[in-house]
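*Asks:*
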Amino acid sequence: MPKTSRANRASQTDLIQPNQQGGFRATLPAVHRASTVLLESVEKLRRTGWDADPSPYGREGTPTTRELERRLARLEGAGETILVPSGLAAIYVTCVALLKAGDEVAMPANFYGSAVQMAETLLARFGIGLRRYEPGEASSLAAALGPRTRLVWIEAVGSVSLEVPDLGALIAAAKAANVTVAIDNTYAAGLHLQAFALGADVSVQALTKLQSGGSDVVLGSVSAANAALICQLKLTRHYLGLNVSSDDAYLVLRGLPTLRMRYSHSRSAAEQIAPWFDGKPGVRRVHFPPLASSPGHAHWKRYFTSAPGLISVAMGTCPAEHIVEGLDLFHIGYSWGGPLSLVMLFEESHPAVIRLRAVDPEIRQVVRFWIGLEEPTDLMEDIAQAWASVD
1 MPKTSRANRA
11 SQTDLIQPNQ
21 QGGFRATLPA
31 VHRASTVLLE
41 SVEKLRRTGW
51 DADPSPYGRE
61 GTPTTRELER
71 RLARLEGAGE
81 TILVPSGLAA
91 IYVTCVALLK
101 AGDEVAMPAN
111 FYGSAVQMAE
121 TLLARFGIGL
131 RRYEPGEASS
141 LAAALGPRTR
151 LVWIEAVGSV
161 SLEVPDLGAL
171 IAAAKAANVT
181 VAIDNTYAAG
191 LHLQAFALGA
201 DVSVQALTKL
211 QSGGSDVVLG
221 SVSAANAALI
231 CQLKLTRHYL
241 GLNVSSDDAY
251 LVLRGLPTLR
261 MRYSHSRSAA
271 EQIAPWFDGK
281 PGVRRVHFPP
291 LASSPGHAHW
301 KRYFTSAPGL
311 ISVAMGTCPA
321 EHIVEGLDLF
331 HIGYSWGGPL
341 SLVMLFEESH
351 PAVIRLRAVD
361 PEIRQVVRFW
371 IGLEEPTDLM
381 EDIAQAWASV
391 D
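Just so you know, full-length UniProt numbering puts the end of the sequence shown at 391, numbered straight through with nothing missing.
See below:
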C-alpha cells in the first residue's frame, strides 16, 4: 500500500508525526545545543553561507529550532517561519525588516501596548512615524494611510477588549494602498485563522502562550509566504543576533501535539462559563467572541473556526479588585494559554478600558479571565463565590 503524501496530511497529523531520517528515532526531535558547528572541509567552509541548512553556527539555528520553524510554517500555511525570543521581538523584527527612516507604520487602537510604546520611542528614534486607526472601521484605516505608510499591523482579536474586526475589509484597505500587512495571529494559534489565505503578508505569534502550553517559555515566531519578505526577515534577525535556545524550542515542540486538544478544551470550558456573567452585579459587558452579544461576533464567525478560553468582563462601579482577590483557582498573572487559570485586572487608565468607556461611560475596569485546564464546574464555583462576596 502506498504511503500517505505529506502534502495531503492534516496539520494536526504533522504536529504529531516525527520528521526524522534514519538513526535513532524518538517521538520528538532531539535537543541540539551548539555554538560551534563542525564543518568537514575547507571546501565546505567556502560553500556554506550564514543562512545554510544545516546552520554553520549555532546562533543561526540548530536542527531543533529548524524543526520547530518547519512545523510552524506548515501549521500557518507559510513559505517559511523564523523563531525570535518573544512575541514582542517578532513585531520588532518585522518593523525593522520592512521599514526605514522616513517610513510610517500603522497600528490599531487595540494593539499590544508594549508594541505601541516601542513604536513611539525606539522606532521614532530611527525616524519611523506611527499612525493609529480604529480597528472596527476599515474607513479609519484607509484614512490613516499616508504616502509614506509602508506597514499596517492588524490585531486579529484585541488582547484585552477581545473585539474582532472585519479582517478582510482591513486587509483590502491596506492592499488598495499597496501597503504590506502584518497580523498578530496569537489568538488563533495558527490553527483557527488562515492569515495568508486572507491576504496577509506576515503573521506573528507569541509562542509563549498556547503553543508552549506550559507557561514556562518565552518565544515568538514570524511567518511569511513571500520569498523576498522571508529573506528580509531572516537577514534582520541575523544582524540583530536574535537567536533562540534549543531547549526553549524543544518545549514548544513538546507542546504542539496537544495544541488542538488544549485549545478545544479551553473553548468548551469558556462557553460554559461566559454566559454566567450576564446580568451579574457590576457587569456591563461580556466579551467572548463566540457569544452572539460580543463585539465582532459576526466577524469571528466569518473568519475563525474556533476561539481560546479568554473572557473579558467589563465592570462598572463594582469593586472588581475585591472579586479578583477573592478568587482561589484563578491566579493573578500576565499572559495566558497555559494549564493554570489566570485573571488580570485592567483599570481606568488602561487604553483598552478608555476605548470601552467611549462606548459605555459606566465602564471603569476590565477583568480578563484565562480559562485553563481545570474542571469547568470548579472554576464556575470559584467565580460565583468571589462574586457573592461583593453582592
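Glycine is no exception: its CB is placed at the ideal position from the N, C-alpha and C atoms.
It should be emphasised that the depicted structure is a prediction, and the values quoted were computed from it without experimental measurement.
Whole angstroms are fine: how far does the CA of residue 229 sit from the CA of residue 189?
*Replies:* For the purposes of this step, residue 189 is identified with residue 189 of the sequence shown, where counting begins at 1. For the purposes of this step, residue 229 is identified with residue 229 of the sequence shown, where counting begins at 1. Spanning the two alpha carbons is a distance of roughly 21 Å.
*Asks:* Taking the alpha-carbon of residue 306 as reference, which of 274, 294 and 266 has the nearest alpha-carbon?
*Replies:* As a working note, residue 306 is residue 306 in the sequence shown. Nearest option by C-alpha distance: 266.
*Asks:* Straight-line CA distance for residue 95 to residue 279?
*Replies:* Residue 95 sits at position 95 when you count from the first residue of the sequence shown. Residue 279 sits at position 279 when you count from the first residue of the sequence shown. Approximately 43 Å between the Cα atoms of the pair.
*Asks:* Closest to residue 104 by CA distance: which of 80, 150, 111 and 246 is it?
*Replies:* The residue you call residue 104 lines up with position 104 of the sequence shown. The shortest C-alpha separation from residue 104 is found at 150.
*Asks:* Does the segment 360-377 come close enough to the segment 174-189 to have 3 or more Cβ pairs within less than 8 Å?
*Replies:* Touching, no, given that fewer than three Cβ pairs across the two stretches are closer than 8 Å.
*Asks:* For the alpha helix (DSSP H) containing residue 381, name the first residue and the last one.
*Replies:* For this step, residue 381 is matched to residue 381 along the sequence shown. Note, residue 381: alpha helix (DSSP H), 376-388.
*Asks:* Any contact of the segment 293-305 with the segment 318-328, i.e. 3+ C-beta pairs under 8 Å?
*Replies:* With a cut-off of 8 Å, the segment 318-328 and the segment 293-305 do not count as touching, because too few Cβ pairs lie within range.
*Asks:* Have a look at residue 1 and residue 56 and give me their C-alpha separation to the nearest angstrom.
*Replies:* Along the sequence shown, one-based indexing puts residue 1 at 1. Along the sequence shown, one-based indexing puts residue 56 at 56. The pLDDT assigned to residue 1 is 48, lower than 50, so where the model puts this residue is not dependable; a value taken from the coordinates is nonetheless given after this. Looking at the two C-alpha atoms, the distance is approximately 39 Å.
*Asks:* Nearest-angstrom Cα distance between residue 34 and residue 340?
*Replies:* As a position in the sequence shown, residue 34 is number 34, starting the count at 1. As a position in the sequence shown, residue 340 is number 340, starting the count at 1. So the alpha carbons of these two residues sit roughly 33 Å apart.
*Asks:* Helix, strand or coil for residue 248? Go by DSSP, reduced to three states.
*Replies:* Here residue 248 refers to the residue found at position 248 when the sequence shown is read from its first residue. Residue 248 falls in the helix class under three-state DSSP.
*Asks:* Which residue marks the beginning of the alpha helix (DSSP H) containing residue 13, and which one marks its end?
*Replies:* Translated into positions along the sequence shown, residue 13 becomes position 13. Start and end: 11-16.
*Asks:* Whole angstroms are fine: how far does the CA of residue 84 sit from the CA of residue 216?
*Replies:* Here the question's residue 216 lines up with position 216 in the sequence shown. Here the question's residue 84 lines up with position 84 in the sequence shown. One C-alpha to the other measures close to 16 Å.
*Asks:* Pop quiz: residue 320 and residue 345 are said to be a contact at Cβ under 8 Å. What is the actual Cβ separation, rounded to whole angstroms?
*Replies:* For this step, residue 320 is matched to residue 320 along the sequence shown. For this step, residue 345 is matched to residue 345 along the sequence shown. Yes, they are in contact, since the Cβ atoms of residue 320 and residue 345 sit about 6 Å apart, within 8 Å.
*Asks:* Any chance you could list the alpha helix (DSSP H) runs of at least 4 consecutive residues sitting entirely within the segment 163-231, in chain order?
*Replies:* Segments of the alpha helix (DSSP H) lying fully in the segment 163-231: 167-176 and 195-198.
*Asks:* Whole-angstrom Cβ separation of residue 225 and residue 78, contact assumed at under 8 Å?
*Replies:* Residue 225 sits at position 225 when you count from the first residue of the sequence shown. Residue 78 sits at position 78 when you count from the first residue of the sequence shown. 6 Å between Cβ atoms; contact.
*Asks:* Cβ of residue 262 within 7 Å of Cβ of residue 213?
*Replies:* Within the sequence shown, the letter at position 262 stands for residue 262. Within the sequence shown, the letter at position 213 stands for residue 213. Yes. Within cutoff.
*Asks:* Tell me where the alpha helix (DSSP H) around residue 274 begins and ends.
*Replies:* Residue numbering aside, residue 274 sits at position 274 when the sequence shown is read from its first letter. No alpha helix (DSSP H) contains residue 274, which DSSP labels as neither H nor E.
*Asks:* Taking all protein chains shown into account, decide if residue 235 is buried (16 or more other Cβ within 10 angstroms of its Cβ) or exposed.
*Replies:* Numbered from 1 along the sequence shown, position 235 holds the residue referred to as residue 235. When all chains shown are included, residue 235 counts as exposed.
*Asks:* Given that a residue counts as buried once 16 or more other Cβ atoms are within 10 Å of its Cβ, and exposed if not, what is residue 393?
*Replies:* Here the chain comprises residues numbered 1 to 391, so residue 393 is not present and cannot be evaluated.
*Asks:* Are the beta-carbon atoms of residue 185 and residue 205 separated by less than 7 Å?
*Replies:* Indexing the sequence shown from 1 puts residue 185 at position 185. Indexing the sequence shown from 1 puts residue 205 at position 205. Their beta carbons are under 7 Å apart, which means residue 185 touches residue 205 by this criterion.
*Asks:* I need the straight-line Cα distance from residue 383 to residue 75, nearest angstrom please.
*Replies:* The residue labelled residue 383 in the question sits at position 383 within the sequence shown. The residue labelled residue 75 in the question sits at position 75 within the sequence shown. The straight-line gap from Cα to Cα measures roughly 35 Å.
*Asks:* For residue 281 and residue 311, what's the separation of their Cα atoms in angstroms?
*Replies:* Translated into positions along the sequence shown, residue 281 becomes position 281. Translated into positions along the sequence shown, residue 311 becomes position 311. Rounded to the nearest angstrom, the two C-alpha atoms are 17 Å apart.
*Asks:* If you draw a straight line from the C-alpha of residue 152 to the C-alpha of residue 195, how long is it?
*Replies:* Looking up residue 152 in the sequence shown gives position 152. Looking up residue 195 in the sequence shown gives position 195. Approximately 14 Å, taken between the alpha carbons.
*Asks:* Thinking C-beta only, is residue 207 closer than 7 Å to residue 222?
*Replies:* Here residue 222 corresponds to residue number 222 of the sequence shown, with the count starting at 1. Here residue 207 corresponds to residue number 207 of the sequence shown, with the count starting at 1. No, the Cβ-Cβ distance between residue 222 and residue 207 is not below 7 Å.
*Asks:* Looking at residue 108 and residue 163, is the spacing between their C-beta atoms short of 7 Å?
*Replies:* Numbered from 1 along the sequence shown, position 163 holds the residue referred to as residue 163. Numbered from 1 along the sequence shown, position 108 holds the residue referred to as residue 108. No, Cβ-Cβ distance for residue 163 and residue 108 is not below 7 Å.
*Asks:* Are there 16 or more other CB atoms within 10 angstroms of the CB of residue 49, so buried, or fewer, so exposed?
*Replies:* As a first step, residue 49 is located in the sequence shown; it is residue number 49 there, counting from the start. By the 10 Å Cβ count, residue 49 comes out exposed.
*Asks:* So is residue 209 buried or exposed if we call it buried at 16+ other beta carbons inside 10 Å?
*Replies:* Taking the sequence shown and counting its residues from 1, one reaches residue 209 at position 209. With 16 or more Cβ atoms within 10 Å of its Cβ, residue 209 is classed as buried.
*Asks:* Within a Cβ cutoff of 6 Å, which residues of the same chain sit near residue 203, ignoring the five residues on either side of it in sequence?
*Replies:* Taking the first residue of the sequence shown as 1, we reach residue 203 at position 203. Only 76, 183, 185, 195 and 223 meet the Cβ criterion.
*Asks:* Quick check on the burial criterion: 16 or more other C-beta atoms within 10 angstroms. Buried or exposed for residue 128?
*Replies:* Start at 1 with the first residue of the sequence shown, and residue 128 comes out as number 128. Classification for residue 128: buried.
*Asks:* With a Cβ-Cβ cutoff of 7 Å, do residue 89 and residue 220 count as a contact?
*Replies:* Sequence index remark: in the sequence shown, residue 89 carries index 89 (1-based). Sequence index remark: in the sequence shown, residue 220 carries index 220 (1-based). For residue 89 and residue 220, yes; Cβs fall inside 7 Å.
*Asks:* Can you find a CB in chain B that lies within less than 7 Å of the CB of residue 281?
*Replies:* Looking at the structure shown, chain B is missing, and only one protein chain is on hand.
*Asks:* Residue 137 lies in the alpha helix (DSSP H); which residues open and close that run?
*Replies:* Here residue 137 refers to the residue found at position 137 of the sequence shown. Premise fails: residue 137 is in no alpha helix (DSSP H) and is neither H nor E.
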